[in-house]
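Residue numbers (the UniProt record's numbering), protein chains in the order written: chain Y, 1 to 496; chain X, 1 to 313; chain C, 1 to 139. Positions of the beta carbon are idealized from the N, C-alpha and C atoms, including for glycine.
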Amino acid sequence: MPDMDVLLAGLSDAFSLVNLLFVIAGVIVGQFVGAVPGIGPVMAMAIAIPFTFFMPTLPAIAFLVGVNKGGLFGGAIPAILMNTPGTPDAAATALDGHPLAKQGKPVKATKMALYSSITGDTFSDIVLITISAPLAVLALKMGPVEIFALMIFAFSVIAGLVGDSMVKGVIAAVFGLLCATVGIDPEHGTPRLYFGFFELFDGLPLAAVAIGMLAVSEILRRLASAGSTPRSAITSLDGDDPTVSRVSWAEYWSCRYVMARGAVIGTVLGAIPGIGSTAAAFMSYASAKQASDEPESFGKGNIKGIAAAESANSAVMGANLIPLLVIGIPGSIAAALLISAFKIHGIQPGPLLFEQQGRLIYGLFGAMILANATNLIVGQFSLRLWTRVISAPESVIFSSALLLCIVGVYMSTGGLFGVAVMLVFAVVGYVMNVFGFPVVVFIIAFFLGGSFETYLTQTMVILDGDLTRMIDYPIAVALVVLALISVWWLGFRKKG
Amino acid sequence: MKKLSTFVTALCVSFVLAFAAHAEWKPSGPIKLLIGFDAGGETDTLGRVVAKAMEDQTGWKIIVENKPGGGGIAMFTGLAVAKPDGQTLGMGVNMPILVNLVLRGKDLPFDLDSFDYLATIARAQLAIIAKSDAPFDDMAGLIEYSKGDDGALIAFDAKPQELLMNFVGGASGANFKLVPTKSSAEMIQDILGGHVAASFAAGAHIPYLESGDVKMIASANDGRHSYAPDTPTVKEQGFDIFVDPYFFIAAPAGLSDDTKAALSAALNEAINSDEVKAVIMNTLKTEPSDLGPQGTTDMMTGGVSNVAKLFGK
Amino acid sequence: MSANRLSGVFVACAGLLLLFLIIPANTETVDYGRMRPQTIPDLCAILLVAFGVLHAIRPRGEVAIEWREVWRFALFATIAAVSLFLMGRFGFPVIAPVTALVVMLLIGERRPVWLATGALIIPAVVWLVVVQLLERTLP
Numbered sequence: 001m002p003d004m005d006v007l008l009a010g011l012s013d014a015f016s017l018v019n020l021l022f023v024i025a026g027v028i029v030g031q032f033v034g035a036v037p038g039i040g041p042v043m044a045m046a047i048a049i050p051f052t053f054f055m056p057t058l059p060a061i062a063f064l065v066g067v068n069k070g071g072l073f074g075g076a077i078p079a080i081l082m083n084t085p086g087t088p089d090a091a092a093t094a095l096d097g098h099p100l101a102k103q104g105k106p107v108k109a110t111k112m113a114l115y116s117s118i119t120g121d122t123f124s125d126i127v128l129i130t131i132s133a134p135l136a137v138l139a140l141k142m143g144p145v146e147i148f149a150l151m152i153f154a155f156s157v158i159a160g161l162v163g164d165s166m167v168k169g170v171i172a173a174v175f176g177l178l179c180a181t182v183g184i185d186p187e188h189g190t191p192r193l194y195f196g197f198f199e200l201f202d203g204l205p206l207a208a209v210a211i212g213m214l215a216v217s218e219i220l221r222r223l224a225s226a227g228s229t230p231r232s233a234i235t236s237l238d239g240d241d242p243t244v245s246r247v248s249w250a251e252y253w254s255c256r257y258v259m260a261r262g263a264v265i266g267t268v269l270g271a272i273p274g275i276g277s278t279a280a281a282f283m284s285y286a287s288a289k290q291a292s293d294e295p296e297s298f299g300k301g302n303i304k305g306i307a308a309a310e311s312a313n314s315a316v317m318g319a320n321l322i323p324l325l326v327i328g329i330p331g332s333i334a335a336a337l338l339i340s341a342f343k344i345h346g347i348q349p350g351p352l353l354f355e356q357q358g359r360l361i362y363g364l365f366g367a368m369i370l371a372n373a374t375n376l377i378v379g380q381f382s383l384r385l386w387t388r389v390i391s392a393p394e395s396v397i398f399s400s401a402l403l404l405c406i407v408g409v410y411m412s413t414g415g416l417f418g419v420a421v422m423l424v425f426a427v428v429g430y431v432m433n434v435f436g437f438p439v440v441v442f443i444i445a446f447f448l449g450g451s452f453e454t455y456l457t458q459t460m461v462i463l464d465g466d467l468t469r470m471i472d473y474p475i476a477v478a479l480v481v482l483a484l485i486s487v488w489w490l491g492f493r494k495k496g
Numbered sequence: 001m002k003k004l005s006t007f008v009t010a011l012c013v014s015f016v017l018a019f020a021a022h023a024e025w026k027p028s029g030p031i032k033l034l035i036g037f038d039a040g041g042e043t044d045t046l047g048r049v050v051a052k053a054m055e056d057q058t059g060w061k062i063i064v065e066n067k068p069g070g071g072g073i074a075m076f077t078g079l080a081v082a083k084p085d086g087q088t089l090g091m092g093v094n095m096p097i098l099v100n101l102v103l104r105g106k107d108l109p110f111d112l113d114s115f116d117y118l119a120t121i122a123r124a125q126l127a128i129i130a131k132s133d134a135p136f137d138d139m140a141g142l143i144e145y146s147k148g149d150d151g152a153l154i155a156f157d158a159k160p161q162e163l164l165m166n167f168v169g170g171a172s173g174a175n176f177k178l179v180p181t182k183s184s185a186e187m188i189q190d191i192l193g194g195h196v197a198a199s200f201a202a203g204a205h206i207p208y209l210e211s212g213d214v215k216m217i218a219s220a221n222d223g224r225h226s227y228a229p230d231t232p233t234v235k236e237q238g239f240d241i242f243v244d245p246y247f248f249i250a251a252p253a254g255l256s257d258d259t260k261a262a263l264s265a266a267l268n269e270a271i272n273s274d275e276v277k278a279v280i281m282n283t284l285k286t287e288p289s290d291l292g293p294q295g296t297t298d299m300m301t302g303g304v305s306n307v308a309k310l311f312g313k
Numbered sequence: 001m002s003a004n005r006l007s008g009v010f011v012a013c014a015g016l017l018l019l020f021l022i023i024p025a026n027t028e029t030v031d032y033g034r035m036r037p038q039t040i041p042d043l044c045a046i047l048l049v050a051f052g053v054l055h056a057i058r059p060r061g062e063v064a065i066e067w068r069e070v071w072r073f074a075l076f077a078t079i080a081a082v083s084l085f086l087m088g089r090f091g092f093p094v095i096a097p098v099t100a101l102v103v104m105l106l107i108g109e110r111r112p113v114w115l116a117t118g119a120l121i122i123p124a125v126v127w128l129v130v131v132q133l134l135e136r137t138l139p
């Protein structure tokens, strides 16, 4: 049981006026910057970090947490309104979010994203605050062999998303995996498939490929299909009509199972460093679709699809802090950025953190709850603001979005090379789309491919090259069995 | 408030000193400091605080740019062809550069002589660690343990570490099974979870040393670590090999002597400032160590032969 | 041969090309350890050949090629590429407004207010925020 004095001191730090202002500023910055096409939540955090060098510790961390949480919701906005997600997890949100927005209900779609995002986030924050220590110990039991098995399980669930042609889905996935092998190989450290570009030693830049395939490809397509008469980028039927723009309590409540499942998937995958929010968002989406009575309504603007994706990807971030705070291990890029912010302030996350910095940690917990509340309130304004902005003529919206993607990728990859990669993959994405190869499947395989190869290599070393030795690892065996059941169930459901 | 006024005074004093010291050469515009790694990482953090301190002390304008790729190879490729006017500098880590120079030197568009070396910022302290309940306490014990039925799993996250263990394994007949990982965090996770017998660690393990979860088997540097003066190096334990990762700053070759002197003096002053010292202490758990232009050059040339030894060349 | 079937043939050929030319020429040979640098790329190439052939034999799904859109996509992609090249030479402040203006004119925007917004105000705001406020660089 924590010391009551420390807890109260920490909480009162969190609720001090200065801290409150930094949380609010962080959320606003996060929601705004995270929503700009091509920039996104991670970039927002990376940009914000240098500004926190010279701030006091708690406000600095609180500000970054605000940016991160605001950014998580912000990232869903362009995905829903323009179908131009900047990250793979936002691509999961776009699957149903954008169709709903196209039906003239952009405010409703973004509201659903906001509510489910905060629901998932709050759930994982509560888990973090109450039972992080035992969970972190459990997570440590997951070694390379177990994580490899977990990835197999995740893939087996996500496979349910492959569209009308299984063969095309497999080709897209294999192509994604192939692209993920560009760069240094995990076991021997030799550079592969870099064609003389030293920039490719670290692999194809993730941000450039994701933004190129998901956002720029769509922007160029929209430019290409634009008629010669000026029109708005999105038509909002709901505007200020509360009956269309509202998410009613009944609708929210009907998503309770979907959101609960999403929150649990996100929390579990977040607590285990190594897999991350892409897998969580798509696993949650795929299982919501599978469990639904009307799976065919997914992808056509079903609010449950939005709820599934957003609750899971937001839950990952809170849960990422479990291994971060308890054992000092970051589970995602955003978490790694947070660790470097801690370190700059002389704080080493790890076993002694709660003992030595109890007050700060409770302050941080207080700030997280505050940030969630702020997110909810600020979100109401920013989603209306963005819906307004996007109803400007599409000529302005898409030309600006194109410039912003160039700027965002230039900043995050450090040069025009990354921007060129972005453009190449925009074309690849368009061609795949025209021929009916699922781009989203490519992106999932590409994002998880690097870790997949690393964990496979580690597993091979640990098992002396003999995969049947996995039998000595009960957790791994259980996960593989679950994967088999999931594949069987997928086949069964399809026929039934 | 008082703190602020002392800070301002210190700033003014250092301004005056700086102008006195660097009267010979002044940049004619902003200086670009290229960082060979992503935003948000250790190198980025160090580079940005050094740049900030240098700005405060000299009044020069310094723009920091991230040019990630290949552990700095991409950035140095660009730096090698930049104009040697002292307005473009690059910061990287020596190890990936040295490894690539030794292994695929002919494919690289630069060599050691393509740069003028200005300063080092700090030396990362690389340790070999194990869980505290492991049945061994030093390299000899680890080697003995590895000769058991299943060998010893050892996690590493960079090529030189793998080579160092191969060197030790070759010399002692140990059965090390080397597990490649992507970060020091992942290695700590594997150690704490009991998934590997030993691993490398570059500072992230220090809190666990304090908490008693982890013990240190050896220092992999060419010298013991400040926080663990009783743990001998791999070299002291009988294997003539070490890995010394340095953060360093270089410029394209051909700087004039004035420029070189002014830049290295400014860098030295910045690196030893209190702000930079604090950040180095916080991130790397070590003191700043600026070897100066000559020392940095020697470190790089010496590094090539040491890395060649790691590869058995 | 339908475009859908053709895509399978293309994938299979790409797989063969990768397997026998591209991958061997662009990887290094290592003779120890559990995995080769080529293991996963080769596996991918083989799967591409296999599934490409499968798709060519029994094409599924739909292919909807709308030539007007394809050509215009190529046009806008080319504009973006040229703009990138020019940005590397002349910088963002010069090229970004021109790019935005060309793009807007091409999709039929003629209203001066909106043209000014997209071609002047937006690039200026981006430049001010990134370069002045955040002290990051742009091309």
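Per DSSP, what kind of secondary structure is residue i in: helix, strand or coil?
i	result
residue 508/Y	Look at the range of chain Y in this structure, 1 to 496, and you will see that residue 508/Y is not part of it.
T231/X	coil
S219/X	strand
R123/X	strand
V243/X	coil
N272/X	coil
R246/Y	coil
T454/Y	helix
residue 508/Y	One cannot answer for residue 508/Y here, as it falls past the ends of chain Y, which runs 1 to 496.
E355/Y	helix
F437/Y	coil
F22/Y	helix
Given a threshold of 16 other Cβ atoms within 10 Å of its Cβ, counted over all protein chains shown, does residue i qualify as buried or as exposed?
i	result
H22/X	Residue confidence is low: H22/X scores 47 on pLDDT, short of 50, so the model does not pin down where it sits. Its coordinate-derived value is still stated next. So H22/X counts as buried.
W60/X	buried
S273/X	buried
L310/X	buried
Y257/Y	exposed
T297/X	buried
K304/Y	buried
Based on DSSP bridge pairs, tell me the residues matched to residue i.
i	result
Y117/X	A250/X
G92/X	F248/X
K131/X	V214/X
P393/Y	S232/Y
G183/Y	R192/Y
L153/X	K177/X
H225/X	A228/X
At the 8 Å Cβ level, is residue i part of the contact set with chain B, yes or no?
i	result
T39/C	Of the protein chains in the structure, Y, X and C, none is chain B.
Would you say residue i touches the ligand ZN, meaning its beta carbon is less than 7 Å from a heavy atom?
i	result
T259/X	The model on display carries no ligand, and the ligand ZN is accordingly not part of it.
Sequence ranges, beta strand (DSSP E) only - wholly within the region 163-203 of chain X, length at least 3: 176-180 and 198-201
Entirely enclosed alpha helix (DSSP H) segments - the region 19-82 of chain X, minimum 4 residues: 42-58 and 73-80
Stretch pair the region 146-160 of chain X + the region 174-188 of chain X: three plus CB contacts closer than 8 Å: yes
Cβ contact (3+ pairs, closer than 8 Å) linking the region 393-408 of chain Y and the region 49-57 of chain Y: no
Validate contact between the region 156-173 of chain X and the region 88-108 of chain X using beta carbons, cut 8 Å, 3 pairs: Touching, per the Cβ criterion.
Runs of alpha helix (DSSP H) wholly within the region 286-342 of chain Y (minimum 4 residues, chain order): 303-327
Segment contact flag, the region 277-285 of chain Y with the region 431-449 of chain Y, C-beta cutoff 8 Å, min 3 pairs: Contact between the region 277-285 of chain Y and the region 431-449 of chain Y is present, because at least three Cβ pairs lie under 8 Å.
Whole runs of the alpha helix (DSSP H) within the UniProt domain "DUF1468" (9-139) of chain C, excluding any shorter than 4 residues: Runs of alpha helix (DSSP H) with 4 or more residues, each lying fully within the UniProt domain "DUF1468" (9-139) of chain C, are found at 39-57, 67-90, 92-106, 112-116 and 122-127, listed in chain order.
Within the region 115-170 of chain Y, ranges of the alpha helix (DSSP H) (whole runs, at least 4 residues): 144-158
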